[in-house]
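Take a look at the structure below.
There are 4 protein chains.
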Amino acid sequence: MKLTGRLAAAPDDFIRQEFLEPQFRHEVVHLLRWYVLIEKALLGEYRRLGVLSDAQAGRLAAALDGLTPDQLTAGAAGALSDIALAMEVEVGKALPEPVPAWHVDRSRNDLQACAQLLHGREQVSDIAVLAGQLAEVALERASHDVTSPMPGYTHLQAAQVVTPGFYLSAVAEHALRFSSRLLGTYDRINLSPLGAGPMAGQELAWDRNLLARAIGCQGPVPHALVAVASRDWLLDVAADIASAGTGFSRFLTDLMAWGSSAYGLVELPDELAGISAAMPQKKNYPLLERLRGRTGHLTAFYVDFASCQRNTPYSNMVEVSKEAGVHASTMFAATRSVLAGFTLVVEKLRWRTDRMRAAAEEDHFGGFSLANELTLRAGVPWRTAQVVAGRYVSAVLAGGNGHAGHGDPAALVAAALEAGHVLDDPGSYLTNSLDVDAQLRAKLSSGSTSPSSVAALLAEQRERLGVLREQWDERRAAVRDAIAATDASLLPGGAA
Amino acid sequence: MKLTGRLAAAPDDFIRQEFLEPQFRHEVVHLLRWYVLIEKALLGEYRRLGVLSDAQAGRLAAALDGLTPDQLTAGAAGALSDIALAMEVEVGKALPEPVPAWHVDRSRNDLQACAQLLHGREQVSDIAVLAGQLAEVALERASHDVTSPMPGYTHLQAAQVVTPGFYLSAVAEHALRFSSRLLGTYDRINLSPLGAGPMAGQELAWDRNLLARAIGCQGPVPHALVAVASRDWLLDVAADIASAGTGFSRFLTDLMAWGSSAYGLVELPDELAGISAAMPQKKNYPLLERLRGRTGHLTAFYVDFASCQRNTPYSNMVEVSKEAGVHASTMFAATRSVLAGFTLVVEKLRWRTDRMRAAAEEDHFGGFSLANELTLRAGVPWRTAQVVAGRYVSAVLAGGNGHAGHGDPAALVAAALEAGHVLDDPGSYLTNSLDVDAQLRAKLSSGSTSPSSVAALLAEQRERLGVLREQWDERRAAVRDAIAATDASLLPGGAA
Amino acid sequence: MKLTGRLAAAPDDFIRQEFLEPQFRHEVVHLLRWYVLIEKALLGEYRRLGVLSDAQAGRLAAALDGLTPDQLTAGAAGALSDIALAMEVEVGKALPEPVPAWHVDRSRNDLQACAQLLHGREQVSDIAVLAGQLAEVALERASHDVTSPMPGYTHLQAAQVVTPGFYLSAVAEHALRFSSRLLGTYDRINLSPLGAGPMAGQELAWDRNLLARAIGCQGPVPHALVAVASRDWLLDVAADIASAGTGFSRFLTDLMAWGSSAYGLVELPDELAGISAAMPQKKNYPLLERLRGRTGHLTAFYVDFASCQRNTPYSNMVEVSKEAGVHASTMFAATRSVLAGFTLVVEKLRWRTDRMRAAAEEDHFGGFSLANELTLRAGVPWRTAQVVAGRYVSAVLAGGNGHAGHGDPAALVAAALEAGHVLDDPGSYLTNSLDVDAQLRAKLSSGSTSPSSVAALLAEQRERLGVLREQWDERRAAVRDAIAATDASLLPGGAA
Amino acid sequence: MKLTGRLAAAPDDFIRQEFLEPQFRHEVVHLLRWYVLIEKALLGEYRRLGVLSDAQAGRLAAALDGLTPDQLTAGAAGALSDIALAMEVEVGKALPEPVPAWHVDRSRNDLQACAQLLHGREQVSDIAVLAGQLAEVALERASHDVTSPMPGYTHLQAAQVVTPGFYLSAVAEHALRFSSRLLGTYDRINLSPLGAGPMAGQELAWDRNLLARAIGCQGPVPHALVAVASRDWLLDVAADIASAGTGFSRFLTDLMAWGSSAYGLVELPDELAGISAAMPQKKNYPLLERLRGRTGHLTAFYVDFASCQRNTPYSNMVEVSKEAGVHASTMFAATRSVLAGFTLVVEKLRWRTDRMRAAAEEDHFGGFSLANELTLRAGVPWRTAQVVAGRYVSAVLAGGNGHAGHGDPAALVAAALEAGHVLDDPGSYLTNSLDVDAQLRAKLSSGSTSPSSVAALLAEQRERLGVLREQWDERRAAVRDAIAATDASLLPGGAA
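Residue numbers (the working numbering), protein chains in the order written: chain A, 257 to 752; chain B, 257 to 752; chain C, 257 to 752; chain D, 257 to 752.
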């Protein structure tokens, strides 16, 4: 292929092997369908502008539809290993006669920027589906058990009584938040670079709004230079993913701890566990470790993109447009893996309610409730009430029985007296604080661990999930519809 | 202050010096006003719940208003260097009589989470104002010159003709995008953790919606554990800032290049420049270097927060709630510095239109236009037309005069003939391509570099800026109004 | 101060407040003594070159010694907030008569690069001392208990029997490795930039070796441009620190888990613990959380420096020389804090040997040993032996008593038989595997957990620590000696 | 394959597809030969310990030698997709009779840790070869031109006169430094984990020193837990690589600027350049952009490894041992690519000496020299001398001819007089400062830009390169020799 008016050597082997060919292989797999869509959108405009006839546009569209990855790969070397040129060459071969004006006034800069964006847009939308599935599974599993007490930990010490349902509802909340943030990002990035040319705009009267519509975008990137120079969309998506991943690493940290031999509160079925041959009592969870480790890559990918974009000129640079994004597909795959794997974990996790209850009853979670009652019913100042409750708990523990259910009204009377308060009916202050189920029910505030609060929250989350799903479905449908409309418009008689 | 029922040693000196005291100093400066607001919101609820009388709530509010940083600092040691406890102690001293029930059923977990968020919310809003000012200044400066040609570079090579107005409009676009993304973040994070207690919720019938409204939030964080465990808001804000910073580093890279002795296209006034004593012709721009370097910290801060949150339990951990955010204020200050400094640069930048035009005329930017005309008017296939244009340019350059304005119709005829095309009136194809001003005007697509496109875009950007400003003003007003309403409600007779 | 032949405006307020003044404040605190040392080294060379007389050099040295931070700060505004210029001005005031040739042929580029390096060198050396103290304390504590069995975990599941001494010896190993790596870095970076001038070298016959010696460096940076452009030393140091910090985060993760209520294997004294008022049984360890969180910053600082150096020209740039290193002191302080705090933790940690032993005896750690014996003594193929051991353990667990000490020879016979092996004297195979202390002793390989291996390793580590200390002491002494010699040489009659 | 005494489900498809199979594919390609070497080292010890006979060891060695990637891959599913187990199975098939005691007392933990290390060690050594080649080429090219003047830039402004040789010598310095740092790392990490077992050591009397020697290591990792838990070696290597990459990004930044149309000081041949069709005067350098971008990944890889290791337990975790290192091979490949590509650039770079000289003569670099002479010869105080020089340069520039070679003694006299100094023979002060070649020669200090200094430095660098090469050759030979010795020892009659 003759690409220049100047005699130029072919690219050095090093360049071909290290950059051009890997890029080509990647694009043929991931971007080809988007390049075809974009070319069709351009055909529509060429036709509208009178540069191409209906028939020419139709034949070009048909030729584009006929392109196959194998064919393009076979012709890559003859097209400088550039997919856009390879497509041009192969389409040319399939045409009954040349179409001289095809690609007039066109640039590869906005073309590549656009194809990358459309690929990224699809990935984001796929990831949102997975996040929705995670939320769905978490909500479903949460609803199965909003009453079994388990210790809730702060600073790694058992602190309050919670339930699996309460915890899984937090997982769902994180998934919903991720989906919601992604949605905002999707809407912000779904703008078409087409019509920006190499950086300064184009010379024909391209309608950038029509172009955008034809590829399912909300509109054009307003500024031609921004359209070709910026890869902010990748930073935005990567940041959403990295931050969500940090959250997942925290949930996985809990599950790893709770699944450890020291806690034994949860377990995964054998097919999701690793087994030691000679230590069969040992059930390792490499899946949890792998998933948590995998979230670590997500932070690194953000750093990767930012690092490669940093301190480059604000213009079209292959450094930013291609090299900086080399690991984008790896990031998307890792994200899908984390989401699918974590969903599997949530779905299959067995909560060992017996051990959970035993652990919850082992410690005194009622000190806070006791102090509340001392203040509200006996008028003991709050800070003093906490001291009294603390002294009471210490006394009971010193007595050797700190198990839930065991109360010692005399010790409470003594502790209160030491602080100058005389208590009548001391046993009445201990009722709630001694019963872990009562501890659960005592939490009245919205979003709390009480079964009724959790049930209400699950319902509200389900509603939010439904709304988010509709919003994502709309966006997916809009892309499908745009593709179909663009395809249809290029069929014989299809012009608007 | 007696804080526990168990005899405990005072914190070790190391803990005090390394963690507690620096934290205290930071919170007294940055968080005190938010702690006061939150305490007032809680007073409103205590009153509504009948836990405190109107008079008690009023007196507590007055005492809170009377707190000073100096007083708190003086009392820090006696309150475990914890600002919340220090406030409780000092308020207690200011009361005419004790209020035993104050702080019953309360936790410091949601309190701290909330104060940090309100501080962060204010910072985000301040940063948005600065981003708006940058956009404003960029638009204003852009409108001053949408006609002076300068080279636009791709791959660091002069490629097309653009203008200062075109470029500055891209700067404005970046600032608008930042502001817009921050707005989405603001709305997502402006949720109140209050009422979540230590992690599992609270026991009194707190109305979390009323609490949220009293501190200017959209509503409560739906889930109690999420409310105290998550610091996603900091990741969200930091990612927005880091990504915007990466963009700024790119614009600054351009300005640094253009201000270099090799380009000489822009300059800054002496007060923004560094001067070499013995080389007075040398005008350094440490300001540009400093600003670009400063954007690098912003990426690191995101890594910092993510790194410190990573693989921690999803619960209240001082590791996440405090240590991970230790550099948040430094990040906010660096962001303000970058925005203010870059605004100053945009405002004071002098575009050396003479050198810009000379540079623009030095090279042949018209090859693309020439190829367009060959295709559209002479039916030369596009790829061939580019080869012809290239050959023509090569011939002209070989002839020794590649300056804009100089055309060589004979060379064009020869180049076309070599490709098998006979051209009539060859000079007519060269008109546009030889005139850099015509090159500018030739760009018709929206968002392009032509003066009219830029003018249209500037108007549209100004409109967007106006809308964004209104949106930010609404949010700032909402916070102010919430504070005023909460204050007023606690004055004598102020209860709703 | 007149600094240029061209009329220049004073720096803009923004530049002063954001960059110059903070830099000045930092340098006056951290770099002044190094600037003084460097100026003295230069004086020695001026004298040797005959540019200054002995008397002039002596008076300048005395004036340099008389400089105070307050005096310099007072004069900062008059010296462009540049510490080197401020020193020149204040020294000039202190001289009885002008010394015209002072500072001839000098540049601030190599001066600043040098002062920063000397500061960094000192920090590295201080940090090495702390790392040595950590190793010392870890070795000392390790030697106290090399026999108490505790579970060793892999994949968070109890897997083998280890001891506190074994674990602390790993901590010491990490500290030794850090110190050793830092030493290599120290020796690599301890090269003097002096004599490089602005980037291309100097015009007088400066002896760069003498200059290097006078400030305690091994020699000069070989290349003038590298001397002023590179800040590799900061990357090297920061990487060593960040990586060591990642290791510390892992040890702290163990200690946090072991100190949790679920494990209860270690505890810290009250002065290093956090106490909950109403839950006195709860002992939080904010110190561990803070330290682990603090290690996270160390990774971020490396990213910070790399990010700010990235894609800058390889020349003297204030972006790299100053802005990129703005957080270096914060990093050094955080590193010292992590080391001192972790040393405190290791020193004060109480190992709860009763709970450790109970935990170690709870699970079957002997499966591996049992399989070994089956293979070695009964010729059961290794993989089969593991299956047999596993079946045996399963059978015992199914029988309800998996506690160490309890053996069931009949079950072993049955398990072996199922695999086609007939065992004589089955009880003899169980001896080692049932006794956790025997499990410890059975580990024969060097570096293993057996008391004798640990004791041998501790001795060897102590030796390595001794060697490292000597090496660091030599380096610290070399710097002290160089300073003293340089000081002495400038006293009256001090010239070599 | 029966791996456990407990009935276990096969791993879930998700685990197989996402983790096990990719890991297997990676290990078969990259780690197989190291696994074979390690197994042979273990055979030697089994024989020495009398666990295996000579004949058994010999047959096992032969079977190990016969393993092929295809065979292992075919059997992967039957071996839990674990390469070590797959090897065991396939070796078993190849044996004439079973060897029951094979693999007794063995663990996969130290095995995997060891195989990964040996792979990494080889990569480091390969990278060092490439770094040496870069240094070689840079030195060679540097020696071709140590006399052609070109501007040296500080703060992007032309500041001093340098030469291609001077600059390339800095490139060589960076490559040498990288190699030297890597060598220190190599020696620190080349320790064998073998004999550590799962974490606590092993029960047979393995000689860890012999094992280490058999695989070419300096000795064993001293501590068993460190041996299996730590992946510090990857952090160390990644940090060396990332930091070196940051330096390369800076050199590439210079070359990109100098190759831009605005500078035009260097160019690459057509086969290393990108060509624009219609703008043939435009020579893009995507190679430079790609390489610079590629260095950005190197920083991200360090973050990746650190991020995934962070806050994990210090024990064997698949999270650290496998997932955290998933991108290690990608990092090694990227590093090789950067080094090979940059070497190609340095080799093929054409320095446009005409344009360099023209640029060097365009500006006044002599102000500094002039000030030096005024101080040294006319006794003008240094700071005043700089002002006089500056005024002189300003005057000359105002006169319209600032080109090198043009002097104006009268203007110098006037400038000096304004500062109160009377100059005799003013022309004599201007000689050096007006001649760019003289400017070069005037730099006397070692490491400076003068042709003689550069020549001396090149010789010294060549010597250092020679020493480094020998050191690397020794290490490569040591590994080869160890492999050969281990192989030989297992041949019939080969036992020591």
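All C-beta atoms, glycine included, are put in the ideal place defined by N, C-alpha and C.
Considering only beta carbons, the part of the stretch 562 to 577 of chain A lying closer than 7 Å to chain C consists of SER563, ARG566, ASN567 and THR568, in chain order. Sixteen is the threshold: when 16 or more other Cβ atoms of the shown chains lie within 10 Å of the Cβ of ASP664 (chain B), as they do, the residue is buried. Around the C-beta of LEU673 (chain C), fewer than 16 other C-beta atoms lie within 10 Å, and the residue is accordingly described as exposed. Interface residue (Cβ-Cβ distance to chain D less than 8 Å): ASP610 (chain C) is not classified as such. Contact check for SER563 (chain C) against SER563 (chain A) passes: the beta carbons are separated by less than 8 Å. Residues of the same chain with a CB within less than 6 Å of the CB of GLU295 (chain D), apart from the 5 flanking positions on each side, are LEU320 in chain order.
Neighbours of ARG548 (chain C) in chain B, taken as residues whose beta carbon is under 9 Å from its own, are CYS564, THR568, GLU575 and GLU579 in chain order. Shown here, LEU308 (chain B) sits in coil according to DSSP, grouped into three states, outside any helix or strand. Proximity of the stretch 488 to 504 of chain D to the stretch 548 to 568 of chain D meets the contact definition, three or more beta-carbon pairs being nearer than 8 Å.
When the Cα atoms are used, ALA498 (chain A) and PHE504 (chain A) turn out to be separated by approximately 10 Å. What GLU545 (chain C) touches in chain A, judged by beta-carbon distance under 9 Å, is HIS411 and LEU412, going in chain order. Beta-carbon to beta-carbon, GLY501 (chain C) and LEU724 (chain C) are separated by about 19 Å, too far to satisfy the 8 Å threshold.
Secondary structure in the stretch 435 to 505 of chain A: the alpha helix (DSSP H) runs of 4 residues or longer, each lying completely within the stretch, are 464 to 470 and 480 to 485 in chain order.
Residue-level contact by beta carbon fails for TRP489 (chain B) and chain A, as no gap is shorter than 8 Å. Between ALA513 (chain A) and PRO569 (chain B), the gap from beta carbon to beta carbon is short of 8 Å.
With a 10 Å radius around the Cβ and a threshold of 16 neighbouring Cβ atoms, VAL477 (chain C) comes out buried. When 7 Å is used as the limit between beta carbons, MET512 (chain A) is near these residues of chain C: LEU412, in chain order. Listed along chain C are PRO356, ALA357, TRP358, HIS359, VAL360 and ARG362, each with a C-beta nearer than 8 Å to that of TRP638 (chain D). Looking at the backbone, the Cα of LEU528 (chain A) and that of ALA468 (chain B) are separated by about 42 Å. When the Cα atoms are used, SER708 (chain C) and THR687 (chain C) turn out to be separated by approximately 20 Å.
DSSP, read as helix, strand or coil, puts VAL559 (chain A) in helix. Distance from the CA atom of ILE739 (chain D) to the CA atom of ALA733 (chain D), rounded to whole angstroms, is 10 Å. GLN327 (chain C) and GLY676 (chain D) have their C-alpha atoms roughly 30 Å apart. At least one CB atom of chain B sits nearer than 8 Å to the CB of ALA483 (chain A). Taking a beta-carbon distance threshold of 8 Å, PRO682 (chain A) does not count as an interface residue toward chain D. Judged by DSSP secondary structure, VAL393 (chain B) falls within the alpha helix (DSSP H) whose first and last residues are 364 to 400.
Residue state for THR403 (chain A) is assigned as coil, using DSSP reduced to three classes. Contacts with chain D at 8 Å (Cβ-Cβ) include VAL559 (chain A). Apart from sequence neighbours up to five positions away, the residues of its chain that approach ASN465 (chain C) with a beta-carbon distance below 8 Å are GLY475 and PRO476, ordered along the chain.
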